[in-house]
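Here is the structure we will look at, set down as structure tokens.
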Amino acid sequence: MRFYDISSSNGIWKNINLNEVNSLFRVFVASRVVLPNLVAEKIKDDTVIPKITPYERYWIKSYTLTMDREHYQGDRFSFPFLGGKIIDLGPDGNVSVTQAPIIKEDLALPQDRELIEKYELTNMWGHEDLSDRLCRYFDTGINRDDLKFEVFPGLWDDREKLRPLTRRLPVPLR
Numbered sequence: 001m002r003f004y005d006i007s008s009s010n011g012i013w014k015n016i017n018l019n020e021v022n023s024l025f026r027v028f029v030a031s032r033v034v035l036p037n038l039v040a041e042k043i044k045d046d047t048v049i050p051k052i053t054p055y056e057r058y059w060i061k062s063y064t065l066t067m068d069r070e071h072y073q074g075d076r077f078s079f080p081f082l083g084g085k086i087i088d089l090g091p092d093g094n095v096s097v098t099q100a101p102i103i104k105e106d107l108a109l110p111q112d113r114e115l116i117e118k119y120e121l122t123n124m125w126g127h128e129d130l131s132d133r134l135c136r137y138f139d140t141g142i143n144r145d146d147l148k149f150e151v152f153p154g155l156w157d158d159r160e161k162l163r164p165l166t167r168r169l170p171v172p173l174r
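Per UniProt numbering, the very first residue in the sequence shown carries number 1; after that it's consecutive.
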């Protein structure tokens, strides 16, 4: 699901060309959970033109102890997702996350900071996580995934200033 830098205070959406609106981010969602809880209604106005930009090809797949033992830099007491790799889901986004070719393995700070900030994690999002991220963006202009605080420790140094963090993180880490 792709989100845009546009909002409406009255719920009326007309004369919008999404090709001319900046994309904020695109993430994987559980549609059956997210849509009924986050979406008010489908926009049916013909003056709203959908974006024709292709899918985002590159994503960050985080490492887990059980699936990526040789790359995971923690132990059984560490955060379950730690570090990651850039994968290519193809121009149409039709390659599965588990079958995608690896573009860059073992992303590390500080040398891969730009890539880590640029690409989204493949981890699924829920409606509360998305609501928190969108509200923070429209309130403060900060657009990023708080899960990256844990997946890539040391990525950002403003964790305390942003508290409470989004529901993307478990309660004790917010």
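Don't be surprised by glycine CBs; every beta carbon is placed ideally from N, CA and C.
Exercise for review: For the alpha helix (DSSP H) containing L107, list its first residue and its last residue.
Suggested key: The sequence position of residue 107 within the sequence shown is 107, counting from 1. Segment: none, L107 is in no alpha helix (DSSP H) and carries neither H nor E.
For this session: Give me the Cα-Cα distance between D146 and W13, rounded to the nearest whole angstrom.
Result: Along the sequence shown, read from residue 1 onward, the residue named residue 146 stands at position 146. Along the sequence shown, read from residue 1 onward, the residue named residue 13 stands at position 13. A straight line joining the alpha-carbon of D146 with that of W13 spans about 30 Å.
Do you know how far the Cα of R26 is from the Cα of A100?
Along the sequence shown, one-based indexing puts residue 100 at 100. Along the sequence shown, one-based indexing puts residue 26 at 26. C-alpha separation (whole angstroms): 18 Å.
| task | Leaving out five residues on either side along the sequence, give the residues of the same chain with a beta carbon under 7 Å from the beta carbon of Y72. | result | Taking the first residue of the sequence shown as position 1, residue 72 is located at position 72. Excluding its 5 nearest sequence neighbours in each direction, Y72 has C-beta neighbours in its own chain below 7 Å: Y63, T64, L65, L82, G83, listed in chain order.
- Mind checking which residues open and close the alpha helix (DSSP H) that includes S131? As a position in the sequence shown, residue 131 is number 131, starting the count at 1. Where S131 is concerned, the enclosing alpha helix (DSSP H) stretches over 127 to 140.
Exercise. Rounded to whole angstroms, how far is the Cβ of L89 from the Cβ of F3, which I believe are closer than 8 Å?
Worked result: Walking along the sequence shown from the start, residue 89 turns up at place 89. Walking along the sequence shown from the start, residue 3 turns up at place 3. In this structure L89 is not in contact with F3, their Cβ atoms being roughly 18 Å apart against a cut-off of 8 Å.
Taking Cβ to Cβ, would you say N15 is nearer than 8 Å to T47? As a working mapping, residue 15 is identified with position 15 in the sequence shown. As a working mapping, residue 47 is identified with position 47 in the sequence shown. Contact flag set, yes.
* Asked: Does any residue of chain D bring its CB to less than 8 Å from the CB of N123?
  -> The question asks about chain D, but that chain is absent: this structure has only one protein chain.
- For K51, which residues of its own chain have a beta-carbon under 6 Å away from its beta-carbon, when the five flanking residues on both sides are left out? Your numbering for residue 51 matches position 51 in the sequence shown. Around K51, the same chain offers L18, N19 as residues with beta carbons nearer than 6 Å, after the five sequence neighbours per side are excluded.
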